[in-house]
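To keep things clear, I will list the structure first and then write my remarks on it.
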Amino acid sequence: MRTIAVDVPTVEVKNHPGRHHVGCAAAGSATALIGAAGVWGGLVAVFGSAPQMSIGWLLPLSGVVLHLDPLGGFFSVLIGAVAVPVGVYTVGYARHERWPALSLTVLPLFVAAMLLVTAAGSIPTFLLAWELMALASVLLVITDHDRAEVRSAALFYAAMTQLGFVAILVGLMVMATSMGADRFTEMTVVPEPLRDVVFVLTVAGFGSKAGLVPLHAWLARAHPEAPSPVSALMSAAMVTLGVYGIIRIDLVLIGPGPRWWAVLLLLVGAASALYGVLQASVATDVKRLLAYSTTDNMGLITMALGASLLLSGAGAPEAAAIAAVAALLHLLAHAAFKSLGFMAAGSVLAATGLRDLDRMGGLARPMPVTTVLFGVAALGACGLPLGAGFVSEWLLVQALVHASTSGDVVVALAAPLAVGAVALTTGLSVAAMVKAFGIGFLARPRSAAARQARESAASMLTAMVIVAVGCVVLALAPVAAAAVVARAVNVMPTARSAAPAVDFAAVIRLPGLGGSIAPGLLATAFVAALLAAVVAMRWRARRRPPTVQLPLWACGADDLTPRMQYTATSFAEPLQRVFNDVLRPASDIDVTHHSESRYMVSAITYRNRIADALEIRLYQPVVTGVKRAAEVVRRAHNGSVHLYLAYGALGVLVVLVIAR
Amino acid sequence: MTVMAVVAGGAQLLTVTVGAPLLIGLMRQVRAAWEGRGGGGILQPWRDLRKQLGKQQIIPRGTTVVFTAAPLIVAATSILLAAIVPIVATGSPLDPVADLFAVVGVLFLGTVALTLAGIDTGTAFGGMGASREITIAALVEPTILLAVFALSIPTGSANLGALMATTLSDPGSVASLTGVLAFVALVLVIIAEAGRLPVDNPATHLELTMVHEAMVLEYAGPRLALMEWASAMRLTVLLALLANLFLPWGIAADAPTLLQVLTGVGAITVKVAVLATALATMEVFMAKLRLFRVPELLAGSFLLGLLAVTSANFFTR
Numbered sequence: 111m112r113t114i115a116v117d118v119p120t121v122e123v124k125n126h127p128g129r130h131h132v133g134c135a136a137a138g139s140a141t142a143l144i145g146a147a148g149v150w151g152g153l154v155a156v157f158g159s160a161p162q163m164s165i166g167w168l169l170p171l172s173g174v175v176l177h178l179d180p181l182g183g184f185f186s187v188l189i190g191a192v193a194v195p196v197g198v199y200t201v202g203y204a205r206h207e208r209w210p211a212l213s214l215t216v217l218p219l220f221v222a223a224m225l226l227v228t229a230a231g232s233i234p235t236f237l238l239a240w241e242l243m244a245l246a247s248v249l250l251v252i253t254d255h256d257r258a259e260v261r262s263a264a265l266f267y268a269a270m271t272q273l274g275f276v277a278i279l280v281g282l283m284v285m286a287t288s289m290g291a292d293r294f295t296e297m298t299v300v301p302e303p304l305r306d307v308v309f310v311l312t313v314a315g316f317g318s319k320a321g322l323v324p325l326h327a328w329l330a331r332a333h334p335e336a337p338s339p340v341s342a343l344m345s346a347a348m349v350t351l352g353v354y355g356i357i358r359i360d361l362v363l364i365g366p367g368p369r370w371w372a373v374l375l376l377l378v379g380a381a382s383a384l385y386g387v388l389q390a391s392v393a394t395d396v397k398r399l400l401a402y403s404t405t406d407n408m409g410l411i412t413m414a415l416g417a418s419l420l421l422s423g424a425g426a427p428e429a430a431a432i433a434a435v436a437a438l439l440h441l442l443a444h445a446a447f448k449s450l451g452f453m454a455a456g457s458v459l460a461a462t463g464l465r466d467l468d469r470m471g472g473l474a475r476p477m478p479v480t481t482v483l484f485g486v487a488a489l490g491a492c493g494l495p496l497g498a499g500f501v502s503e504w505l506l507v508q509a510l511v512h513a514s515t516s517g518d519v520v521v522a523l524a525a526p527l528a529v530g531a532v533a534l535t536t537g538l539s540v541a542a543m544v545k546a547f548g549i550g551f552l553a554r555p556r557s558a559a560a561r562q563a564r565e566s567a568a569s570m571l572t573a574m575v576i577v578a579v580g581c582v583v584l585a586l587a588p589v590a591a592a593a594v595v596a597r598a599v600n601v602m603p604t605a606r607s608a609a610p611a612v613d614f615a616a617v618i619r620l621p622g623l624g625g626s627i628a629p630g631l632l633a634t635a636f637v638a639a640l641l642a643a644v645v646a647m648r649w650r651a652r653r654r655p656p657t658v659q660l661p662l663w664a665c666g667a668d669d670l671t672p673r674m675q676y677t678a679t680s681f682a683e684p685l686q687r688v689f690n691d692v693l694r695p696a697s698d699i700d701v702t703h704h705s706e707s708r709y710m711v712s713a714i715t716y717r718n719r720i721a722d723a724l725e726i727r728l729y730q731p732v733v734t735g736v737k738r739a740a741e742v743v744r745r746a747h748n749g750s751v752h753l754y755l756a757y758g759a760l761g762v763l764v765v766l767v768i769a770r
Numbered sequence: 006m007t008v009m010a011v012v013a014g015g016a017q018l019l020t021v022t023v024g025a026p027l028l029i030g031l032m033r034q035v036r037a038a039w040e041g042r043g044g045g046g047i048l049q050p051w052r053d054l055r056k057q058l059g060k061q062q063i064i065p066r067g068t069t070v071v072f073t074a075a076p077l078i079v080a081a082t083s084i085l086l087a088a089i090v091p092i093v094a095t096g097s098p099l100d101p102v103a104d105l106f107a108v109v110g111v112l113f114l115g116t117v118a119l120t121l122a123g124i125d126t127g128t129a130f131g132g133m134g135a136s137r138e139i140t141i142a143a144l145v146e147p148t149i150l151l152a153v154f155a156l157s158i159p160t161g162s163a164n165l166g167a168l169m170a171t172t173l174s175d176p177g178s179v180a181s182l183t184g185v186l187a188f189v190a191l192v193l194v195i196i197a198e199a200g201r202l203p204v205d206n207p208a209t210h211l212e213l214t215m216v217h218e219a220m221v222l223e224y225a226g227p228r229l230a231l232m233e234w235a236s237a238m239r240l241t242v243l244l245a246l247l248a249n250l251f252l253p254w255g256i257a258a259d260a261p262t263l264l265q266v267l268t269g270v271g272a273i274t275v276k277v278a279v280l281a282t283a284l285a286t287m288e289v290f291m292a293k294l295r296l297f298r299v300p301e302l303l304a305g306s307f308l309l310g311l312l313a314v315t316s317a318n319f320f321t322r
């Protein structure tokens, strides 16, 4: 056999750096502009009244109905406020990562689709926008489709988001048919058994979008593999629309519901918060860690919604309103610190190509700005004072602890357990964030890539600084967001009251319950205490010899190597051991003995892998089941045209019999 | 806010900053007495601090600004706690932030700064100490929150001053089932948070058993002095909080007279000294727990805290 040499004409890859730069700038500014429009429209809707708009010709049969009420406006502001800095960030990031034209085109459309979800005024419009958003996000996740992990993550995400869509679709269809109306403003009461069906279906669908346990598995796959600005948009904006769906459909339109709804929301929220934070505290991939932290925060928000529903049913309207305010404020705080976290992680990824904390380290010297900004995000995610998430978590805990239960057994049991869950979540999230910041940015570089890091482009840093300012404002003066939150909360039936539940000012007071906090005063006092400490250290400073730089103590050895440092894995090992039963890590040690003596060891191999235990337990059986079913169905597909024609004829007959 | 409230606040701050090293000296002296040694005297920690502050500043190579800033931040959180927690008087100038959640948060901020400094050294010991400390802290923080929330349910407010005022007017409220459960949980977590036996041994010289000491291993001179001062203040504030939550008698009211402020200072000194003596005595007769048994202890105290809140919800309303 002869081989014929075929002269393949080498394909010239047209490389137009200039044109690509223009494309990146255009996509980034379009995203930012659409975001700004979303903020403006949302603010108009919150403080004034945006008119209802109906475009009949755009969608056959039902038409498109747009109506932004204060609740939708709140989410529109949130999404827009995330999209503006992400747009600016994308200009530098997409240029660096050489995004294809498709992703550059879809990014602004993704933001527009998300804004359309908040503005939807009828069920068909809502479903259309929801599906557009899902499709756009899938296209963005597979930006880097040359890598097998990206393709697998995108497939996983696409399957889960479509299954979630089916649940929402069926739920909303049942709702619309039982009420005979599809505009949100014309909705009436859904009859009882159907109402519960709608609740379960929509909570499952929206919960899968919000990343609630056990439908969270796509988050930890899609977020790390998506490009960082997309992760930021998905985690800070798209995921919150799952919460929007729960509020809009289940609490406003068909709610407030019976008590078991509230208990279910509390349980799902607590499970998500605890499971998410545990996985985050042992994760070694920084973007995976942030993704699990999203599950944790969405869990806290769902708990707040459940608490609001439970307390309003138990005759504690003030506490119910406070819990609702806590949910919305935490949504804002989460959007701020999580988008900042993903953008800072993206900045590291762009500079070093690293996501693995075990190989990072020492980035504080080459990338000081990114380090500080990631620190701001991590502090916010901890829920500690001076961080963005502090006030909202404080509000949630206050509502849970000081609600007067008046002998209600369910509340008396649920409230302390929920407080315990929130407290444990806060404690573990500190561990997770200390690990991400300390191991990732401090100490010495653990790999060559980390050693050669350089600070990111100016557009990326500018975008992150904008978000960091937002984080600081939310942390020290949450009064800035008070008006928007208060108007949006008034839409929720569990939180409607004449007087505002939370008196936002320099000192935040809770008129219904006796409690107060002053984040600004706390920060001022902290700065004063810091100055006092500086002064205290000046004592006897004149007598001191000049400061010197000396090597670290190496136990008498010559020098320490970076390999001797703790890594993210070893840092989390005690926690992994404590929560062994939940995490179920797969670790094994192979000891190879020397051939001459069993007492001499020549090599030790240690492997440790923490997979998502829930994913293995719950998803694998489903996937295998589907595969088996597909095997059975495949027998019907044997390629014979006659058989297919027979199927067709049979199908027509069945339809005729049913339709008669 | 009156002038006297500010005076009371100042007296409180001064009592804690000056008294904290004395407290450590007292505990060492008690230990020495039980072990039949002479001991260095109660003033020894102060002499050590003075000596350390006069020494040369050393910056270990390869560390960042986090390492140099951490002692200041840890000291600042301790000073802030000493100003916020009602120790001498209930109505301090910082009363609006004397909320339990904020106090625990500030306490935790100090822990975070300490652990980051430990990681920043880039040595195996620093990382080891940080990893252990954060594991313990992650379990301690929820327990403190739960235990004090259990006490706050009868008051209806998590403000620490209001809490103590309620106990003063209704002493029976702490002698309840809730009070006992919360007390045990709090004692356990305060021991863990302050790094005392059986969770951590402050006098250890063996690196492998260290938790707190491993993180501060690279510090020397003035920075070490600040760290030790801060951790002494932390212990003092925690003991004072424990004392005032369960036995608030002697604490000055919202608008105190000078005599009441002086009584407050005297009362808290006595209370904390008694608690510290008890703690030091207990430590003499106790061995350090294995590190991986510590989470079991903390999980137990978390459970006690949870029971305390639940029982408070069932029995007080």
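So the sequence lines, in the order shown, correspond to chains A and B.
Residue numbering for the first sequence follows my numbering, starting at 111 and increasing by one per position.
Residue numbering for the second sequence follows my numbering, starting at 6 and increasing by one per position.
For glycine and all other residues, C-beta sits at the position ideal for the given N, C-alpha and C.
Segment limits, beta strand (DSSP E) that includes residue i
i	result
residue 716/A	711 to 719
residue 292/B	Element bounds for residue 292/B: n/a, residue is neither H nor E.
residue 699/A	696 to 703
residue 176/A	174 to 176
Spatial neighbours of residue i in its chain, beta-carbon cut-off 8 Å, leaving aside the 5 residues before and after
i	result
residue 485/A	547 and 551
residue 729/A	327
residue 266/B	9, 12, 13, 16, 93, 94 and 257
Residue i - DSSP class collapsed to helix/strand/coil
i	result
residue 257/B	strand
residue 249/B	helix
residue 164/B	strand
residue 364/A	coil
residue 124/B	helix
residue 213/A	helix
C-alpha distance - residue i paired with residue j, whole-angstrom precision
i	j	result
residue 210/A	residue 260/A	15 Å
residue 711/A	residue 673/A	21 Å
residue 114/A	residue 130/A	Bear in mind that a pLDDT of 48 at residue 114/A, under 50, signals an unreliable position, so the model cannot answer this.
residue 681/A	residue 603/A	45 Å
residue 121/A	residue 464/A	Per-residue confidence for residue 121/A stands at a pLDDT of 41, beneath the threshold of 50, marking its modelled position as unreliable; the derived number appears in the next sentence. C-alpha separation (whole angstroms): 32 Å.
residue 760/A	residue 746/A	14 Å
residue 700/A	residue 713/A	8 Å
residue 597/A	residue 179/A	10 Å
residue 123/B	residue 234/B	18 Å
In DSSP terms, what residue i is bridged to
i	result
residue 293/A	232/A
residue 65/B	660/A
residue 466/A	395/A
Extent of the continuous alpha helix (DSSP H) run through residue i
i	result
residue 135/B	129 to 160
residue 32/B	8 to 39
residue 422/A	396 to 423
residue 49/B	49 to 58
residue 502/A	500 to 511
Contact set for residue i: own chain, Cβ-Cβ below 6 Å, skip 5 residues either direction
i	result
residue 78/B	118
residue 260/B	7
residue 141/B	197
residue 228/A	182, 185 and 186
residue 239/B	83
Proximal residues to residue i (C-beta, below 7 Å), its chain only, five neighbours per side dropped
i	result
residue 504/A	627
residue 725/A	327
The ligand ATP heavy atom lying under 7 Å from the CB of residue i
i	result
residue 80/B	For the structure depicted, the ligand ATP is absent and the ligand set is empty, with no information on it obtainable.
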